[in-house]
Amino acid sequence: MDLGEGLRKAIARLTNATIIDAKTIKEFTKELQKTLLSSDVEVRLVLQFTGQIEEQALRVSPPPGVSPKDYITNMVYEGLVSLVGSSYTPEIKRQRILLMGLYGSGKTTTAAKLAKFYQDRGLSAALICCDVSRPAAYTQLETLAKAANVSFFGIKGESDPAKIVRQANERFKDKQVIICDTSGRNALDDELIRELENVNREFRPDRGVLVVSADVGQIAGRQATEFNKVTPISGVVVTKMDGSGKGGGALSASNAAKAPVLFIGTGEKLNNIEPFDSKKFIGGLLGIPDIGTLLEKVQEAVKEANLTDAEANVENLNFESFYAQLKAMGKMGPLKNVFGMLGATDIPKEVMEQGEEKLNRYKVIIASMTAEERQNDRLLHQSSRISRIAKGSGTTEKDVHQMVTEFNKMKKTFDMLKNDRNFKKRFPKLM
Ligand SMILES: Nc1nc2c(ncn2[C@@H]2O[C@H](COP(=O)(O)OP(=O)(O)OP(=O)(O)O)[C@@H](O)[C@H]2O)c(=O)[nH]1
Ligand SMILES: [Mg+2]
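Next comes the structure, spelled out in structure tokens:
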């Protein structure tokens, strides 16, 4: 069971309890302890944390109008937020970042994501490949650099990373953010230590950053301690937060490393990186919806998709605008992230995958429609059109029918929302 799931289960028990007395609270904190421990959070931290919750929950009663469950949930929320530490506001200034981490933790991907992140914020960025142990590393980073539209330097076949850094330093004198990617290894062995020491000496980073994958748990803490001995670590990036629900990696890494989490990786795409926001992170684990971020993402995606006014207008929904919005939605990242922001973190993986598949199917079906059909969904009542579209899109007539039916349902919902004043008030940007 992952950390978020465990926490939500523990909280759910409070909902089911008819009265919240000392016994319920004891049981609840026991459950919390179990979950946190099994997510590799340090024992001392866990005991301290749950002790506080128990003491506070027993001593203070909720203010009028607040249910005991909400009150305790909030207590847990506040407590966990302070446990994972502060949120990070990236410094938009000249800096040199050295990325380190074990094999497959996401260093190379993170290097490119970070370069793009800073370049998008107006700084010139460059990437250096100092992974001299894996031959394919050079091409991997070069390709990513191209996709991110940032500068790249490496020397194919060179085994001395210090030499690479020296030449890169020359070349990137005028770049503002320089990020150095290093080799990964199963363990921090002598060879890797030597490599990192050499790179560190030549590169002289402002920040040594440890990249850990969210699924490694408490090892993250140990890794941090080890790496810290070789080159000082001043921050942690936790990758693959989308894949593993465990998240304990973030808790343990920042605590054991005594270094804050700076960024989290939330997917394989270049823009799947976010500055660490402890409130959002804990809110996500507890299943507290994050409507603010969702709306932000929607707006970002709509902007990025370059929708025309007609396409962005959901009031006049047709297949044309539906298609444009499906495409925009694709830019928001995996459905899982979208639902996560709504606080719906427990949707089974299969359901999520089916949803993803369906949206992709919808896209190919609409792509096979004529311009006329996209404007006027009534035309889709004709079976000859349905069968032509099915053929053209490599789907079945049943698929096409199903999409038309669901589209009509959606249209009805939108019409209803359009007339709902509350909705308009809450989501003015959407309407
Ligand atoms: N889902 C998801 N996948 C990620 C994330 N970050 C990296 N990956 C994937 O993890 C795999 C390994 O990533 P790399 O960036 O190559 O990791 P690395 O640490 O450079 O690996 P080595 O150089 O071999 O040690 C790739 O398939 C990435 O696409 C993330 O935040 N989410
Ligand atoms: Mg790599």
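For the sequence shown, our numbering gives the first residue as 31, with consecutive numbering after it. Backbone N, C-alpha and C fix where the C-beta goes; we use that ideal spot for every residue, glycine too.
- Inclusion of Leu292 and Thr103 in the CB contact set at 8 Å is not warranted, their separation being larger than that value.
- Comparing alpha-carbon positions, the option among Lys64, Phe233 and Leu44 lying closest to Arg201 turns out to be Phe233.
- Leu174 is the residue among Leu174, Ala250 and Val162 whose C-alpha sits nearest the C-alpha of Ala156.
- Proximity of the beta carbon of Asn302 to ligand 1 is indicated: a heavy atom of the ligand is located closer than 7 Å.
- In this structure, ligand 2 has no non-hydrogen atom nearer than 7 Å to the beta-carbon of Asp445.
- Boundaries of the alpha helix (DSSP H) around Thr45: Leu33 to Asn46.
- Residue range Lys137 to Asp150 is occupied by the alpha helix (DSSP H) that includes Asp150.
- If you look at Gln78, you'll find it isn't in any beta strand (DSSP E); it sits in the alpha helix (DSSP H) that goes Val73 to Arg89.
- A check of alpha carbon separations from Lys205 across Ile396, Arg215 and Lys123 identifies Lys123 as the nearest.
- Taking C-beta separations shorter than 7 Å and ignoring five residues to either side along the sequence, the partners of Glu304 in its chain run Phe293, Ile294 and Thr296, following chain order.
- Distance from the CA atom of Asp445 to the CA atom of Asn302, rounded to whole angstroms, is 33 Å.
- Secondary-structure assignment with DSSP links Glu383 through no beta bridge to anything.
- Ser264 carries a coil assignment under DSSP once its states are collapsed to helix, strand and coil.
- In this structure, DSSP gives Met440 a helical state, which the three-state scheme calls helix.
- Bounds of any beta strand (DSSP E) do not take in Ile419; it lies within the alpha helix (DSSP H) bounded by Ser413 to Ser423.
- Residue pairing from DSSP leaves Met105 without any beta-bridge partner.
- Not a single heavy atom of ligand 1 lies less than 7 Å from the C-beta of Gly314.
- Just measuring C-alpha positions, the residue of Thr443, Gly422, Ser414 and Leu410 sitting nearest Gln432 is Leu410.
- Rounded to the nearest angstrom, the Cβ distance from Cys210 to Leu132 is 17 Å, too far for a contact under 8 Å.
- Around ligand 2, the residues selected by a Cβ distance under 7 Å to any of its heavy atoms are Lys137, Thr138, Asp161, Arg164, Ala167, Gln170, Asp211 and Gly214, following chain order.
- Listed as beta-bridge partners of Ile185 by DSSP are no residues whatsoever.
- Distances from the alpha-carbon of Val246 to those of Asp70, Gly360, Gly424 and Val96 put Asp70 closest.
- Three or more beta-carbon pairs drawn from the stretch 423–441 and the stretch 394–401 are found closer than 8 Å, and the two stretches are therefore classed as touching.
- Comparing C-alpha distances from Arg231 to each of Phe257, Arg89 and Val195 shows the shortest one belongs to Val195.
- Here Glu304 carries a strand assignment [DSSP, helix/strand/coil].
- The DSSP-derived three-state label of Met446 is helix.
- Checking the 7 Å criterion, the Cβ of Asp307 is out of range of every heavy atom belonging to ligand 1.
- Ligand 1 has a heavy atom closer than 7 Å to the beta-carbon of Gly131.
- Taken through DSSP and simplified to helix, strand or coil, Gly314 comes out as helix.
- Closer than 7 Å to some heavy atom of ligand 1: that describes the Cβ of Glu298.
- When C-beta atoms of the stretch 207–227 are compared with those of the stretch 110–117, fewer than three pairs fall below 8 Å, so the two segments do not count as touching.
- For Arg237, the secondary structure class from DSSP, reduced to helix, strand or coil, is strand.
- A Cβ-Cβ contact shorter than 8 Å links Leu389 with Leu356.
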